[in-house]
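Residue numbers (numbering that gives the first Met the number 0): 0 to 707. Have a look at the structure below before the remarks.
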Amino acid sequence: MIGFYNQTIPGKSHIEEGTQCRDANGVTRLENGCIIAAVAKGLSGTMNSAAAASVAVVSSIRLLKEHSELIDFSDKEALRALIYLSFFAAQKKIDSYAEINGISPQDCDTTLTIAVYDGKSVAYGHSGYGGGIITLDEFGTYRRLTPVQIGDTHDEKYSLRTGRGKWSFGFSDEERICSVLMATDGLFDVFCPQILAMMSNPVDIHEVRGYMDTGLWKFNTVAEHKSQKKLFDEMLRKNFPTVTDDKTAVLIVNTEVLPEVKDDGYYAETDYEAMSRCESDVLYYGSDGKEYLLKDKILDIDADNSSVYSVYNNAEILAVIYDDVLGKVVGQLSKIAAVIDAAAGNSAEKFLDVPAVLYDRNEMPKGYVKLRGHGDTDYEKYCRNLTIDLKQRLKVAINLTVALDRLHNAGLIAGDLAPAKIGIDGNGMVHLSNCESYIVRNAKKSDGFKFDPSRVDIVHMAPEIRSRIGNKFLYYRFSVETDLYSLAFLIYRLLAFGNYPSDSGDEDNTERESESIREVMGYLPAKIVSLFERAFIAGKTNPKARPSVSEWYFAMVNEYDSIIQCEADKKHYYWEEFTQCPWCRTEGRTSASMSNSTSKSASKSVSKSTSKSTSASKSGKSSKAKESGKSVKSSKAKEPDKSEASEKSVKSAESVKSDKAGKSVNAGKSDKAAKAGKSDKTAKTDKSNKSDKSDKSEKSGKSGSAKK
């Protein structure tokens, strides 16, 4: 249930001076369930500005409510335009008020902040100094959503009247938002104090958690929701005794989404006294425009003469500072800066574990910031965890293709895409680390900042790279194709429960690679198996034959909702194209068949028996497919080009992530993607209604040739 609380409490200073409270707020719920909220603060110090604040709130909400049919988060540009119109309407109403009453426009100056929340995302409009919006997402992260607005001088404060050039509009990130807190400057200066304004995290999490954590608000009915209104009012009234200004806050809470709980350090009380005592030599300036104040030394790294520090007010990051920035270190930091620049403004930046290079007050590079990666499971351990079912594994594999697609579109090559450098969170989202190995394709340096793989584990690397290891004078030509080999390797290990595709490292093992691929054919769809064959057999000597990121992405998304749960054993999942559960037919089940050689024969027998049970229907279709002369790419759901895949992968990341909330993976606009949008129940009852028979027959032809 989505509930909201709003309150304005006159400040002590106004009560003592006998002046009027100049804050205003308003909230309304639309028929479609969306919440519209607004807060405003009069700036002129007169009762006219108090009236202007009320006019701004009422008129802006009224316009949005009158055009509620246009509030659609799938069309962000239209929604942004609608919020802009509400700002314009508010200022027009204030101008009319000033003209009617014969007062100057300056006496009617006010701020205005608007939020539109649909239970998942927030759209906002913001104008004026002070006040703003803070969000809490499903991963337990608190963020300041609205930007700081202040003029060229400290005394110059923006207002709604400043005009559209100073108005800010935007949206929350892809993560699902659990709660939204809006406030005017009296309270907002407590939640986001000035001392933290330029820090990596400007929110005082210790202060806001008591209001925003959805786990603290217990209501499932309208009556329960109303009963807690007094609690919210009392919290505002009794807390923050040092705040003498008006206290206005609006809290919107979705009790259906509980945020993850982070480490205790994330919620620790900020030690402002200690921060004020810190000397300038522990303050560094990030390439992201933020300031990083070092706290405690955690570790000394002798190998490169660096030290690792915690950072004030941000338990999610670490700072790596070099003792001497010379030669190789300068090159390393230059490369990291180039990677960050390449990803800037591109959706790839969220996959980087190094968000900023750090500079001292003399603008000399001294180190970088690194994400801690709380709660992530190592890719290697994830693959070998036999309690993770096939459907969850496929979701992670899809998100891995999205991550690599974002990097490639940003002009980056991963190079060392090793399992040890990939983390997976509780929602199946993939986090890549060690951007030091990335290659910048469009870098000014002719080598694009080379990476030497001779000191790392190379089992996941392409054959053309492995064959050159040991020759230190040979240039390692990493490319999109070498990344594609590593991608196939990672997907195989994920879907094969930690097994390797072959005795990696032996170049003359085509027969063994073919055998290992045949072993997984007993429980994987023919389309995915054919991609493995291209990657490890044809792609061994011909890198251009390796499947592209988009081919992997669409093949897996199209098969995602074809996975059904075994009725005999609820722990088993398998694809609907098989007539029976392969795991139930394999003695020793998944763990035995994937982890010891004695059950490899059982896995093969599953492959053969499954092939026999489906060969009759598939072979009957093969002749028809040959007559049509259509290839896989010319089937109903055409293979999109790379730019189209990139555009759709953004949607995939959202929809795969939202699977936690009960939604299926959505493959986008193609006909095959429509199939992926079906629920498991629909997939079970709609087997006879396959949309692409010629494609299925070609899969049969490919898998049959592989078996031969």
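Beta carbons: idealized from backbone N, C-alpha and C, even for Gly. Quick caveat, the model's predicted, so the values are computed rather than measured.
Below 8 Å, can you find three or more Cβ-Cβ pairs linking the segment 73-87 to the segment 134-144? no
Is F86 near G124, with beta carbons less than 8 Å apart? yes
Going straight from the alpha carbon of S286 to that of V356, what length do you get? 5 Å
Helix, strand or coil, according to DSSP, for S478 in the structure here? coil
Selection from P581, F577, M198 that minimises the alpha carbon distance to K570: P581
Please report the residue range of the beta strand (DSSP E) in which W574 lies. 572-574
Could you say which of T183, P524, V528, V368 lies nearest to C20 if we only look at CA atoms? T183
Please determine, among V556, L180, R383, the residue with the shortest C-alpha to C-alpha distance to Y116. L180
Does DSSP put R371 in a helix, a strand or coil? coil
Taking the alpha-carbon of Y311 as reference, which of S333, D323, S275 has the nearest alpha-carbon? S275
Whole-Å CB distance - Y128 paired with T110, under 8 Å assumed: 7 Å
Residue nearest to A314 in terms of C-alpha spacing, selected from T161, A248, L293, A55: L293
Using 8 Å as the threshold, is the C-beta distance between V358 and Y265 below it? With the sequence shown as reference, residue 358 is identified as Tyr, and Val is not the correct amino acid for it. No.
Boundaries of the beta strand (DSSP E) in which N557 is found, first to last residue: Premise fails: N557 lies in the alpha helix (DSSP H), 548-559, not in any beta strand (DSSP E).
What would DSSP say about A461, mapped onto helix, strand or coil? coil
According to the Cβ coordinates, are T112 and V38 closer than 8 Å? yes
Could you give the DSSP three-state label for A341: helix, strand or coil? helix
Within its chain, find whatever has a CB closer than 6 Å to the CB of D22; leave out the 5 residues flanking it on each side and keep chain order. T7, K40, T183, D245, T247
When E137, G330, D375 are compared against L709, the one with the closest alpha-carbon: No answer is possible for residue 709: the residues shown for the chain start at 0 and end at 707.
Can the beta-carbon of S12 be found closer than 8 Å to that of D108? no
In angstroms with no decimal places, state the Cα-to-Cα distance between H430 and K394. 14 Å
Distance check for A273 and L389, CA to CA, integer angstroms please. 50 Å
So is V54 in contact with chain B if we call contact Cβ pairs under 8 Å? Although the question refers to chain B, the structure presented lacks it and comprises just one protein chain.
To the nearest angstrom, how far is the alpha carbon of Q105 from that of V57? 20 Å
Based on DSSP bridge pairs, tell me the residues matched to M198. E290
Note down the Cα distance separating G25 from Q391, rounded to an integer number of angstroms. 42 Å
Excluding five sequence neighbours on each side, which residues of the same chain lie with their C-beta closer than 8 Å to the C-beta of Y572? D388, L389, K390, I562, I563, Q564, C565
Going by beta carbon distance, what residues of the same chain come within less than 6 Å of D132, once the five residues before and after it are set aside? Here residue 132 turns out to be Ile, not Asp, going by the sequence shown. Only A114, Y123, L144, T145, M181 meet the Cβ criterion.
Considering only the alpha carbon of each residue, which of R28, C583, G185 lies closest to V252? R28
Continuous beta strand (DSSP E) assignments of at least 3 residues falling wholly in the segment 374-400: none
Kindly give me the distance between the Cβ atoms of D482 and I423, rounded to whole angstroms, as I take these residues to be in contact under 8 Å. Actually they do not touch by this definition, with Cβ atoms about 19 Å apart.
Through-space distance from Y381 to M555, alpha-carbon basis: 19 Å
DSSP on P354, reduced to helix/strand/coil? coil
Would DSSP call T27 helix, strand or coil? strand
Is it buried or exposed, I438, if we count other Cβ atoms within 10 angstroms and call 16 or more buried? buried
S43 versus C33: straight-line alpha-carbon distance, rounded: 33 Å
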